[in-house]
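**Q**
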Amino acid sequence: MEVPRPCAEAWEAMTPTAHGRHCAACQHTVTDFTHKTDAEVLALLRQAAGRRVCGRFRADQLQRPLLVPQSASRWQTRLLAASTLLGLRTLGAEATQAQAVQVQHPGPPAPVAPASINPDKVSGEASISPIRYLQISGRVLDAVTGEPLPGATVLVKDTRVGAATGADGSFEFNAPSGKGMLLISSVGFKPRVLAISAITSPIQIALQQDDTRLLGEVIIIPVPRPWYSPRTWWYTLRSVPHRVANIWR
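Numbering that gives the first Met the number 0 applies: residue 0 is where the sequence shown begins, and numbers increase by one.
(1) Can you give me the Cβ contacts of I198 inside the same chain, cut-off strictly under 7 Å, excluding the 5 residues immediately before and after it?
(2) How do the region 20 to 30 and the region 53 to 67 stand: do at least 3 beta-carbon pairs fall below 8 Å, yes or no?
(3) Going by DSSP, what residue range makes up the beta strand (DSSP E) through E171?
(4) Tell me the rounded alpha-carbon separation between M0 and P64.
(5) Taking 8 Å as the threshold, find out whether the region 17 to 24 comes into contact with the region 33 to 42 through three or more Cβ pairs.
(6) Do you know whose CA, among G19, P240 and G187, lies nearest L61's CA?
(7) By a C-beta neighbour count over all protein chains shown, 10 Å radius and 16 as the cutoff for buried, is T235 buried or exposed?
(8) Looking at C-alpha atoms only, which residue of M13, T16, G49 and E11 is the closest neighbour of I218?
(9) What is the residue span of the beta strand (DSSP E) that A162 lies within?
(10) Just checking my contact of V139 with V153 at CB under 8 Å: how many whole Å lie between their CB atoms?
(11) Is the Cβ-Cβ distance between S185 and G145 less than 9 Å?
(12) So, with DSSP's three-state summary, where would you put R55?
(13) Using the DSSP secondary-structure output, state which residues sit across from H27 in a beta bridge.
(14) Going by beta-carbon coordinates alone, are S251 and I195 separated by less than 9 Å?
(15) Report back the beta-carbon spacing between L133 and A174 to the nearest angstrom; my notes put them in contact at under 8 Å.
(16) With a threshold of 8 Å (Cβ to nearest heavy atom), would R50 be considered close to the ligand FMN?
(17) Quick one: is V192 buried, meaning 16 or more other Cβ sit within 10 Å of its Cβ, or exposed?
(18) Using beta-carbon positions only, say whether P249 and A166 come within less than 9 Å of one another.
(19) What residues in its chain sit with their C-beta under 8 Å from that of P201, if we drop five residues either side in the sequence?
(20) If you count every other CB in all the chains shown that lies within 10 Å of the CB of I127, and 16 or more means buried, which is it?
(21) In whole angstroms, what separates the C-alpha of T14 from that of R20?
(22) Pull up the CB-CB distance for V160 and Q208, whole angstroms please, since I reckon it's below 8 Å.
(23) Cβ of S238 less than 9 Å from any chain C Cβ?
(24) Since D141 is in the beta strand (DSSP E), which residue starts that stretch and which ends it?
What follows is the structure, given as structure tokens:
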């Protein structure tokens with residue numbers, strides 16, 4: 000989707016309606032798409048049936064393909080099963096080869112040459128310091144409406160340690176205690192960064208909505224289809240044995 004001619008009217012100045020707001024300048028209803036998923040956006044556009052649609056969008060909703068989760072089709076399931084079977088055969092062959100190598104060398108263990116001394120290494124008694132973890136829990140809310148934000152991410156900055164919020168905006172995970180920072184983000188909202196040392200669980204984190212919005216008529220840009228598809232590859236691979244057999248006839 001794209002909005003080639005953004006509307007100059009202010010969203011706050013429009014009259015609220017059941018489906019959005021009414022623009023007095025163009026005499027059209029402007030639908031608020033900022034909190035809708037790609038599937039919901041596509042459903043509303045299909046209901047319009049080619050009629051003109053004016054909407055309010057986040058910047059990250061435009062100039063990209065609209066994605067809808069799809070269940071795996073029958074041919075995708077078959078392809079996954081074939082790949083899994085091939086992987087099991089490969090693992091079985093590797094295990095058989097490893098076992099054969101062990102049988103070929105019976106008797107006592109062979110002597111091992113002493114390792115060369117590395118001048119860059121330091122020898123001495125090793126000391127292991129236990130890592131202390133801090134349980135972090137709370138909720139992520141909309142700062143304006145106070146409603147919970149499901150699907151928001153709460154991560155230790157520059158790591159993969161964290162969690163996503165549930166339907167009620169709640170989260171809980173264990174993070175290494177220290178001087179790390181907590182990054183809280185959600186689509187359509189400004190991210191926040193908090194010091195882990197200053198957090199007292201449970202904590203409520205309010206995110207401000209991103210003010211970057213576009214108003215205007217929607218134009219749908221078709222995505223070109225690739226010249227190949229996984230289904231085509233599947234039928235091609237399946238027909239290879241028949242083609243080879245026909246060569247020797």
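Backbone N, C-alpha and C define an ideal beta-carbon position, used for all residues, glycine too. Bear in mind the structure is a predicted one, so any value in this text is a computation, not a measurement.
**A** Reading from the atomic positions:
(1) Within the sequence shown, numbered from 1, the residue matching residue 198 stands at position 199. The answer, listed in chain order, is I135 and L181.
(2) Yes, they touch.
(3) Stepping through the sequence shown from its first residue, residue 171 is reached at position 172. Its beta strand (DSSP E) spans residues S169 to P175.
(4) In the sequence shown, the residue the question calls residue 0 occupies position 1. In the sequence shown, the residue the question calls residue 64 occupies position 65. Whole-angstrom Cα-Cα distance: 8 Å.
(5) No, the region 17 to 24 does not touch the region 33 to 42.
(6) Counting from one through the sequence shown, the residue named residue 61 turns up at place 62. Among G19, P240 and G187, the Cα nearest to that of L61 is on G187.
(7) Along the sequence shown, one-based indexing puts residue 235 at 236. So T235 ends up on the exposed side.
(8) Counting from 1 along the sequence shown, the entry for residue 218 is found at position 219. Taking each of M13, T16, G49 and E11 in turn and checking the Cα distance to I218, the smallest one comes out for G49.
(9) Counted from its first residue, the sequence shown places residue 162 at position 163. G161 to A163 is the extent of the beta strand (DSSP E) around A162.
(10) The count along the sequence shown starts at 1 and reaches residue 139 at position 140. The count along the sequence shown starts at 1 and reaches residue 153 at position 154. 7 Å between Cβ atoms; contact.
(11) Position 186 of the sequence shown, counting from 1, holds the residue named residue 185. Position 146 of the sequence shown, counting from 1, holds the residue named residue 145. For the 9 Å CB-CB criterion, S185 and G145 do not form a contact.
(12) Counted from its first residue, the sequence shown places residue 55 at position 56. Residue state for R55 is assigned as strand, using DSSP reduced to three classes.
(13) To locate residue 27, count along the sequence shown from 1; it is residue 28. In the DSSP output, where bridge partners are listed per residue, H27 has C22.
(14) The structure shown does not extend to residue 251, since the chain is modelled only from 0 through 248, so no value can be given for it.
(15) Start at 1 with the first residue of the sequence shown, and residue 133 comes out as number 134. Start at 1 with the first residue of the sequence shown, and residue 174 comes out as number 175. Indeed, because the Cβ distance is near 6 Å, the residues count as touching under 8 Å.
(16) The ligand FMN is absent from the structure shown, which contains no ligands of any kind.
(17) Translated into the one-based positions of the sequence shown, residue 192 becomes position 193. V192 should be labelled exposed.
(18) The chain is shown only over 0 to 248; residue 249 falls outside these bounds and no answer can be derived.
(19) Here residue 201 is taken as the residue at index 202 of the sequence shown, counted from 1. Cβ within range, chain order: S136, G137 and R138.
(20) Sequence index remark: in the sequence shown, residue 127 carries index 128 (1-based). Below a pLDDT of 50, predicted positions are generally treated as unreliable, and I127, at 47, falls in that range; the measurement from the model is reported next regardless. Exposed.
(21) Residue 14 sits at position 15 when you count from the first residue of the sequence shown. Residue 20 sits at position 21 when you count from the first residue of the sequence shown. A straight-line Cα-Cα distance of about 5 Å links T14 and R20.
(22) Position 161 of the sequence shown holds residue 160. Position 209 of the sequence shown holds residue 208. The C-beta separation of V160 from Q208 comes to about 27 Å, leaving the pair out of contact by the 8 Å criterion.
(23) Absence of chain C from the displayed structure is noted, only one protein chain being present.
(24) Here the question's residue 141 lines up with position 142 in the sequence shown. Annotation for D141: the continuous beta strand (DSSP E) segment containing it runs Y132 to D141.
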